[in-house]
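Residue numbers (our numbering): 24 to 380.
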């Protein structure tokens, strides 16, 4: 009986694996295969756009890039990326939008990712925290001699951005928080929605197929398939994204799966930020998708309500993944938020009272 059960499970598993490997999923943009082949055969350029270096943070090397603005510099934007993700994967149109608006863009790799130290001596008995990761960001600002920056954080990067604003208020000119929470483990808040997660996982099977097949071409297709699944009103620049993936694979060894566990552990060992949000003085914009199944929209609502100077932008068609659909709207909202710091829209109390909610 036991052998029969094991055999049946094995057959089901193999059947499922074959289904994943043969299911093509969403149609990739026309010419994707040819574009990938052409880019693979030539030099990879244009991925790194500015000055690069390493900042030292408590014995850890943190890689950064400082991208100059398109014209006169109005300020500095510090980007804090999501969980386990290299900073190379900030959408190019997002970087261009900020630079075109006159902002110097500083992006850095979280510890464990990209060009930063991969933390080979890490263990669950000796994890680092989100507070340590916020210290990495401050080390980058110190290395670049930047006194204050507009701080932007996505998902886990939003956790880090909050820690920066709490511990170093004088370094934060403004705060923009996307798809994030003050405490993702708060039992009073909705958790991931099971059926929607299952639906999302099914939609993501084609990406998993490309990951299983492996190789440069399939890993580029994995990313492109994810962008197609997310939707959006802008065409996907397959050539640009191909260069990013290939550069990451060839120059940085690609995705560090251990960093996913390390960053999750950092979240787990860090206390809730809800009791401290009232101390944040920086004008804050909270952006959250109404279709987010990882951190449901209630997390964004509570975050915006708890930060004294916060405004909210709630996106109808957006889930958790970035870039969101309608990125032009999001870029415009963020740049408006940054520009309001130096415009007549600021009331005498120093806060932006534009109603985004």
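Quick reminder that beta carbons are idealized off the backbone N, C-alpha and C, glycines included.
Residue state for residue 96 is assigned as coil, using DSSP reduced to three classes.
Note: residue 200 is bridge-paired with 176, 309 in the DSSP secondary-structure output. Across the structure, residue 145 and residue 156 are spaced so that their CA atoms are roughly 14 Å apart.
When secondary structure is reduced to three states using DSSP, residue 265 falls in the helix class. Of the residues 104, 160, 345, 201, the one whose Cα lies closest to the Cα of residue 250 is 345.
For the 8 Å CB-CB criterion, residue 311 and residue 323 form a contact. Nearest to residue 274 by C-alpha distance, out of 234, 164, 109, 325, is 109. Taking the C-beta atoms as reference points, residue 316 is found no nearer than 8 Å to residue 58. Residue 100 is positioned such that its CB atom lies closer than 8 Å to that of residue 121. Sequence-distant Cβ neighbours of residue 293 in its own chain, meaning closer than 6 Å and more than five residues away, are 152, 153. In the displayed model, residue 85 falls within a strand according to three-state DSSP. Counting only residues of its own chain and dropping the five nearest sequence neighbours on each side, residue 92 has a CB closer than 7 Å to the CB of 122, 125, 126, 127.
In this structure, residue 296 sits away from residue 184, with a CB-CB distance that is not shorter than 8 Å. Looking at the DSSP output, residue 171 sits in no beta bridge, so it has no partner there.
Here residue 234 is not bridged, per DSSP, to any residue. Straight across, the Cα-Cα distance linking residue 271 with residue 113 is about 13 Å. In the same chain as residue 307, and ignoring 5 residues on each side of it, the C-beta atoms closer than 6 Å to its own belong to 198, 330, 332, 333, in chain order.
Straight through space, the alpha carbons of residue 268 and residue 234 are spaced by roughly 13 Å. Contact between residue 78 and residue 132 fails: their C-beta atoms lie close to 11 Å from each other, not under 8 Å. Residue environment analysis places residue 208 among the exposed positions, since fewer than 16 neighbouring C-beta atoms fall within 10 angstroms of its C-beta.
Considering only 149, 193, 176, 181, the residue with the shortest C-alpha distance to residue 170 is 193. The Cβ atoms of residue 177 and residue 103 lie closer than 8 Å to each other. Counting every other CB atom within 10 Å of its CB across the protein chains shown gives residue 348 a total of 16 or more, marking it as buried. Residue 150 is positioned such that its CB atom lies closer than 8 Å to that of residue 288.
By DSSP's assignment, residue 76 forms a beta bridge with 87.
Bridge partners of residue 151 according to DSSP: none are assigned.
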